[in-house]
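Below: one structure, written as structure tokens.
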Amino acid sequence: MAARFVAIDVGKGDAFHLQRGDFSALVDGGVSNGFSTLFATVIKRTKVDVLVCTHNDSDHANGILHYLNSGFGAGECWLPATWLEALDGLLDASGSDAMFDLMLEPDAKDAVIPDRVERSGDQIDAEAVERRLEREADHDPDLDGASLLPKVFWRHLGVVMFPGDVNFELLVDAGRILRIAIAATRQRIPIKWFDPGTMPQQPFTAPLNVVNGADVRSIRKTNLVLRDVLRFLTPVNRDSLVLYSPHDGQAPGVLFSADSGFGFSKTLPADAGMIVTAPHHGSAEPENLHAYARLALEHPALVQTWTWVRSDHASVAGFSRPCDEYRNRAVKFCTHCRGVRSTGQDVIIDGGSGRWTPAPGTSACACTQP
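So the mapping is simple: this note's numbering equals the position in the sequence shown, first residue as 1, plus 111.
Put into structure tokens, the structure is as follows:
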């Protein structure tokens, strides 16, 4: 197969598979806890060369965790380097103790965290964190057991033992980071850490590249305590990993936007006829509208040649999805179109002869007005 891009219909969230010749990658896995079965059914494989979790939102990361826990494989696992500080704290003494301590912080949800924090503390070495992950994965298979408890049980436990407002969402986010890192480590999948604060060099020549983060082996600590590190890092849309797969002679590029607003300074890579995944599922939030504006400003001659793909369920409360900026694109496809009552679709687009072409049965976007 020359090239194939698939937006897997996960209902809520992003899950994209890219095949270029012998190279394959999975970028995010949606919110489903049954993702591995869906992946094997649609993609018909149980291993990829690169597995990417762009950030720790549940509708991107849950499926990645299920993929790993199902024994599905990867040549490499790419994670945000900002997770290293959280993992460093969670692995102190034991991750379960650290998460238990978080339960005793009823004011955690009210803490004020700045938009950006300075990283001026000690270096956190990725190799040191990975050694600790290996020890825990080998010797303590129940390390993350506390985070496996159903949320309703946590709530009941909180009412009985700890009256007041306990930040259960923080516990869930913390547990997910730990569980993904442990699951990859148990399978001996090498982890690459990409720092959104360090810009990589262009041009991008590999089959898949991180646009807004360099591959690093260390990162400096912030001046935050563990609970605020978790609040700042998990999840945080502005530091979503953005990825680009360049034209390979058979098919144009693919820009994976994740939930980013493209707030970084690096010029966005692009080529004529490429696929662009809708920023934050086509959200109309200001930072995501900025992403459309940046693409149009930097590549005015190319923007009308692109194919846009939106992955998410049909109706979302709050900000309207998809926004007008997405709806005004000439060529676009949704896994679930807003206002259209259907079962959704896997968006399958095949590459060859220098272009992307929707596979037979893949329907163009039919979103109705919000």
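Note that beta-carbon positions come from the ideal geometry of N, C-alpha and C, so glycine has one too.
The three-state secondary structure of Thr388, taken from DSSP, is strand. Between the segment 332-346 and the segment 116-134, the count of Cβ pairs shorter than 8 Å is below three; the stretches do not touch. Beta-bridge pairing by DSSP links Ser135 to Gln130.
Cα atoms of Gln234 and Ala248: separation of roughly 24 Å, rounded to the nearest angstrom. Annotated three-state conformation of Gln234 is strand, per DSSP. Between the alpha carbons of Pro397 and Lys332 lies a distance of about 29 Å. The closest CA to that of Leu379, considering only Val442, Pro311, Gln415, Phe444, is found on Pro311. Of all C-beta pairs linking the segment 313-328 to the segment 430-438, fewer than three are shorter than 8 Å, placing the two stretches out of contact.
In the three-state DSSP reduction, Ile293 falls in the helix class (H, G or I).
Of the residues Ser464, Val228, Arg421, the one whose Cα lies closest to the Cα of Pro390 is Arg421.
Annotation: Glu187 is outside any alpha helix (DSSP H); the continuous beta strand (DSSP E) that includes it extends over 184-191. By the criterion of at least three beta-carbon pairs nearer than 8 Å, the segment 411-418 is not in contact with the segment 145-152.
Per DSSP, reduced to three states, the secondary structure at Val458 is strand.
In this chain, the beta strand (DSSP E) harbouring Asp306 covers 302-306.
Of the candidates Asp284, Tyr437, Ala151, Gly462, Asp284 places its Cα closest to the Cα of His171.
Annotated as proximal: Asp359 and Ala114, with beta-carbon spacing under 9 Å. For Asp435, the number of other beta carbons within 10 angstroms of its own is below 16, and it is reported as exposed. Cα atoms of His177 and Ile288: separation of roughly 13 Å, rounded to the nearest angstrom. Pairing Val365 with Asn323 gives a Cβ-Cβ distance that is not under 9 Å.
Under the DSSP definition of a beta bridge, Val442 partners with Thr418. Rounded to whole angstroms, the separation of the alpha carbons of Gly372 and His392 is 12 Å. Residue pairing by DSSP places Trp467 opposite Gly462 in a beta bridge.
C-alpha of Arg297 to C-alpha of Lys443: approximately 39 Å in a straight line. Comparing alpha-carbon positions, the option among Asp236, Leu195, Arg156 lying closest to Ile291 turns out to be Leu195. A distance below 6 Å between beta-carbons, with the five flanking residues on each side excluded, links Val142 to the following residues of its chain, in chain order: Lys123, Gly124, Ser169, Asp170, Asn173.
Separation of the CB atoms of Val240 and Leu335 is rounded to 17 Å, and the pair is thereby denied contact status at 8 Å. When the Cα atoms are used, Ala237 and Ala425 turn out to be separated by approximately 40 Å.
At the C-beta level, Thr473 and Ile460 come within 9 Å of one another.
Note: Ile119 is not bridge-paired with any residue in the DSSP secondary-structure output.
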